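Residue numbering for the sequence shown follows this note's numbering, beginning at 237 and increasing consecutively. Read the structure below first, then the notes.
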Amino acid sequence: MTSLSSLPRPIMERHICTILTTTTYIPGLVGLVKSLHSTFQPSPPPTLICYTTTDDVIVAALDSLVSHSVVTSGRVYLYNIFDVLSGRIPSSVDPSFSRDHALDDAKVFVDAPRRLLFLLPVPVCYIDLDVVVLSRDISRLIELAAENGWGECYAEEGDENDEKVDTDVVDMDTSKFVCYAVGNFRNKKKKFSPPPPPTGSHFNCGVTVIPLPSPTPPNSSASFPFLPLYMASMKVISDPKWDDTEEKMLNVVLPNWKGLPIRYNLQKRAYHHAPSVWNSVVDDSCSGDVVVLHYVGGKPWNSKDELEAVDWEERDCGDVQGRYRELFDIWKCFVLEGGGW
């Protein structure tokens with residue numbers, strides 16, 4: 237099995253991560269990278285690690301970044317997640333895990349790729365690809381993720397107990413894990429869901445921070461601190477009756493989430509469905525700048541027909557593009573001109 241020291245060094249250092257499973261989201265990667273560079277200039281932006289599912293996606297993504305004059309060296313890393321995980325997964329954790337198996341089981345992988353992040357020995361500081369970063373306060377999320385340490389807390393040669401992990405006795409109580417996020421914006425209620433204890437209160441998984449558990453859960457290991465989350469995720473999506481989203485899966489395995497300020501995941505649909513809520517976030521100078529603008533639903537790079545199919549609740553207005561033009565222009569300004577908010 238591969239030791240921790242063989243993992244790519246950037247993964248073991250503080251970073252933001254994201255996942256790219258299809259070339260249709262490459263424009264989102266370009267917008268995210270350029271927004272980070274623009275927001276932090278002249279200082280260097282945080283390191284961004286983009287995990288992909290195939291080498292073809294990596295090639296296409298790099299081509300697009302280069303064509304948009306994005307310099308990736310030292311700040312943006314693209315890794316095939318199967319290459320990263322290959323060789324460090326004990327058979328006791330997932331005897332069926334392999335690149336071929338995961339690719340054959342495409343529906344499960346595409347619907348729930350983030351479960352694979354739970355096989356890495358580092359905190360999760362994740363943002364979706366359909367966002368732009370508008371404030372340097374994004375760095376605070378990295379610090380939050382590192383509250384119990386990062387990769388530096390592990391021995392170079394990994395945990396000698398890795399191969400002894402017995403998944404039959406893994407404590408499946410995931411309430412020990414802390415997830416920081418912003419609640420989903422609810423169109424009908426015209427508000428963001430509050431964190432628990434309200435029953436049925438769900439977080440939006442576009443921005444999620446999951447620090448390392450402290451202490452390491454029983455029957456897990458230092459190299460697999462998130463093993464209970466991985467096993468719980470597999471249990472959910474392996475249910476023959478399961479037919480839901482990755483976001484729902486994450487809410488099932490992380491029910492006791494803690495709320496981040498809305499400015500860390502300001503979701504597009506609040507712009508028209510709850511303008512008073514939107515304005516209270518944008519105009520609240522006491523709480524700081526908007527950090528992440530999240531294009532939930534239709535994306536700035538979508539065609540008119542695609543927007544109308546995804547933003548179905550906007551069809552009555554007759555012009556979905558026009559309704560969100562101001563927000564889409566922010567993304568286009570980053571991508572086309574290198575500007576911003």
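Heads up, the beta-carbon is just placed ideally off N, CA and C, and yes, glycines get one too. Quantities reported herein were computed from a predicted structural model and do not represent experimental measurements.
Please state whether DSSP places residue i in a helix, a strand or coil.
| i | result |
| --- | --- |
| Lys424 | coil |
| Thr435 | coil |
| Ala417 | strand |
| Phe460 | strand |
| Ala342 | Any reading at Ala342 needs caution, since the residue's pLDDT is 41, under 50, leaving its predicted position unreliable; the model's value is listed next. Reduced to three states, the DSSP call for Ala342 is helix. |
| Lys535 | coil |
| Gly558 | helix |
| Lys412 | helix |
| His508 | helix |
| Thr259 | helix |
| Leu272 | helix |
| Gly442 | strand |
| Asn316 | strand |
| Leu355 | helix |
| Leu380 | helix |
| Val526 | coil |
Distance check for residue j and residue i, CA to CA, integer angstroms please.
| i | j | result |
| --- | --- | --- |
| Leu314 | Pro282 | 15 Å |
| Asn492 | Tyr287 | 27 Å |
| Glu562 | Ile285 | 29 Å |
| Gln557 | Ser512 | 21 Å |
| Lys568 | Gly524 | 24 Å |
| Leu543 | Phe318 | 32 Å |
| Leu321 | Ser516 | 43 Å |
| Thr290 | Glu482 | 20 Å |
| Leu243 | Asn316 | 12 Å |
| Arg250 | Met470 | 27 Å |
| Ala510 | Lys477 | 35 Å |
| Glu573 | Gln277 | 14 Å |
| His508 | Asp541 | 20 Å |
| Asp336 | Ile247 | Note that Asp336 scores 47 on pLDDT, short of 50, meaning its location in the model is unreliable; the coordinates nonetheless yield the value given after this. Rounded to the nearest angstrom, the two C-alpha atoms are 24 Å apart. |
Determine the burial state of residue i: buried for a count of at least 16 other Cβ atoms within 10 Å of its Cβ, exposed for fewer.
| i | result |
| --- | --- |
| Ala545 | exposed |
| Lys535 | buried |
| Lys494 | exposed |
| Trp537 | buried |
| Trp386 | buried |
| Glu550 | buried |
| Ser429 | buried |
| Arg245 | exposed |
| Trp548 | exposed |
| Leu356 | buried |
| Ser539 | exposed |
| Pro263 | buried |
| Pro434 | exposed |
| His530 | buried |
Do residue i and residue j have their CB atoms nearer than 8 Å?
| i | j | result |
| --- | --- | --- |
| Val302 | Thr410 | no |
| Ile566 | Val443 | no |
| Phe421 | Ala296 | no |
| Leu256 | Leu365 | yes |
| Leu268 | Val369 | yes |
| Val532 | Gln503 | yes |
| Pro447 | Pro349 | no |
| Asp526 | Val518 | Correcting the residue type first, residue 526 is Val in the shown sequence and not Asp. It is a contact, given that the beta carbons lie within the stated cut-off. |
| Val418 | Asn487 | no |
| Val266 | Val306 | yes |
| Cys361 | Val414 | no |
| Phe570 | Ser274 | yes |
| Phe354 | Tyr466 | yes |
| Pro451 | Pro464 | no |
_What ranges does the alpha helix (DSSP H) occupy inside the segment 481 to 505, keeping only unbroken runs of at least 4 residues that lie completely in it?_
482 to 489
Runs of alpha helix (DSSP H) lying entirely within the segment 275 to 309, each at least 4 residues, in chain order | Entirely contained in the segment 275 to 309, the alpha helix (DSSP H) runs reaching 4 residues are, in chain order, 291 to 303.
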